[in-house]
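Peer 1: Before I ask anything, here is the structure I am working with.
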Amino acid sequence: MGKAVIVLVLLAAFLAGFAGGYLFSSASTPSGSQAPPTRVTVSTTTSLYQTHLLDDLLADFKNATGLSVEFSVLAKGSGEALRLLSDGSACLGFTHAPSLELKYLLNGSIVRLSIFAYNEFVIVGPKDDPAGVSNAASAVDAFKRIYEAGEKGLAKFVSRGDNSGTHVRELQLWKLAGLDPSGKAWYLVSGQGMAQTLLMADNLKAYTLTDVGTLQSLVSQGKISDLVVLLRDPKLLINVYSFYVSSSQSCRSKDVNNLALLLAEYLNTRGQQLIASKYKGLFNPALQNLTVVESAWVELSRLA
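Heads up: the sequence shown begins at 59 in our numbering, then just goes up one per residue.
Encoded structure:
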């Protein structure tokens, strides 16, 4: 119960900040400063990097504010991105793994400043769908079908295996299904990012779990030939992106703190417009569905 109460307190704090009114505008910050640029390391989930959303957000933030800042971006799975954030190797972080995020929030090593976007995970697989995933009643049912087909030698599954947000969600689904595929000949581990994992699954005609943004980016580039979306599950497969700042002593300078607050303000206002206009179909601005997205984060953070 204590954990649930803390989650609700964190949720209330965020909503209070959002409701307090972010009034971001280019006129609210100084421009044309001759001071040396603020240099800050940013850790991020690979999906935001590979789809170029983060690059666009950071570039637009700099253009809108006129701030002299240099972002050094480290694209990792959410688990590694959070570790870098926790120990101060990165001061700002963008992740999508609520259950992992909660652990760092509870030990005080990171602070959440914004939930700014969401999309969905989808289960993809070969067009002939030997496991019958397209007929599944839920994501858990789909994983049960993949397991059964794998045991019969009819299907393969490719896991990222990298403690990313996608990998964590996959493991949660296996656990909810009461199954452990590790060590099975049909259960393959890429150990790589989402794009590489999708290309591997496409080549092997295998199933995998992916965020819809990376999938559609590869499809639009003509890099996917056989994989198709077979199942959506609005409850278990919603994918929530959050922005954090490190509590590490190395990240407590005034410049970094001010930058983090301004970036959070941007993400909650002008950044929402960029997501809606340029990335429609890949990502959704959180403000459009804030209550649902926040509630989903809380529920997902409770999954082991």
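For glycine and all other residues, C-beta sits at the position ideal for the given N, C-alpha and C.
1. Between the C-alpha atoms of N342 and V247, what's the straight-line distance to the nearest angstrom?
2. Assuming I296 is part of the beta strand (DSSP E), what are its boundary residues?
3. For A133, report the span of its beta strand (DSSP E) as first-last.
4. Please report the distance separating the alpha-carbon of S42 from that of A344.
5. Classify G135 as buried or exposed, calling it buried when 16 or more other Cβ atoms lie within 10 Å of its own Cβ.
6. What residues match up with M342 in a beta bridge as DSSP calls it?
7. Going by DSSP, what residues sit across from Y245 in a beta bridge?
8. State the DSSP-derived secondary structure class of T255, mapped to helix, strand or coil.
9. When the Cβ atoms of the stretch 266-285 are set against those of the stretch 176-185, are three or more pairs found closer than 8 Å?
10. Should E128 be labelled buried (16 or more other beta-carbon atoms within 10 Å of its own) or exposed?
11. How would you call V98, buried or exposed, if buried means at least 16 neighbouring beta carbons within 10 angstroms?
12. Can you give the Cα-Cα distance for E357 and L319, rounded to whole angstroms?
13. Count the other CB atoms, across all protein chains shown, that sit within 10 Å of the CB of P184; report buried if there are 16 or more and exposed otherwise.
14. Taking the alpha-carbon of V287 as reference, which of A253, Y107, S192, A133 has the nearest alpha-carbon?
Peer 2: Reading off the structure:
1. In the sequence shown, residue 342 corresponds to position 284, counting from 1. In the sequence shown, residue 247 corresponds to position 189, counting from 1. Spanning the two alpha carbons is a distance of roughly 29 Å.
2. Taking the sequence shown and counting its residues from 1, one reaches residue 296 at position 238. From DSSP, the beta strand (DSSP E) with I296 extends over 296-304.
3. Working through the sequence shown from its first residue, we reach residue 133 at position 75. Note, A133: beta strand (DSSP E), 127-134.
4. Summary: the structure shown does not reach residue 42, with the chain confined to residues 59 through 362, and so no result is reported for it.
5. What you label residue 135 is simply residue 77 of the sequence shown in a count that begins at 1. If you draw a 10 Å sphere on the C-beta of G135, you find 16 or more other C-beta atoms in it, and that means buried.
6. In the sequence shown, the residue the question calls residue 342 occupies position 284. The sequence given here places Asn at residue 342; Met does not occur at that position. Looking at the DSSP output, N342 shares a beta bridge with Y176.
7. Position 187 of the sequence shown, counting from 1, holds the residue named residue 245. Beta-bridge partners of Y245 (DSSP): F215.
8. As a position in the sequence shown, residue 255 is number 197, starting the count at 1. Three-state result, T255: helix.
9. Segments in contact, yes.
10. Position 70 of the sequence shown, counted from the first residue, corresponds to residue 128. Here E128 is exposed: its Cβ has fewer than 16 other Cβ atoms, across all protein chains shown, within 10 Å.
11. What you label residue 98 is simply residue 40 of the sequence shown in a count that begins at 1. By the neighbour-count rule (16 or more Cβ atoms within 10 Å), V98 is buried.
12. For the purposes of this step, residue 357 is taken as the residue at position 299 of the sequence shown. For the purposes of this step, residue 319 is taken as the residue at position 261 of the sequence shown. Distance between the alpha carbons of E357 and L319: 26 Å.
13. In the sequence shown, the residue the question calls residue 184 occupies position 126. By the neighbour-count rule (16 or more Cβ atoms within 10 Å), P184 is buried.
14. For the purposes of this step, residue 287 is identified with residue 229 of the sequence shown, where counting begins at 1. Per the Cα distances, S192.
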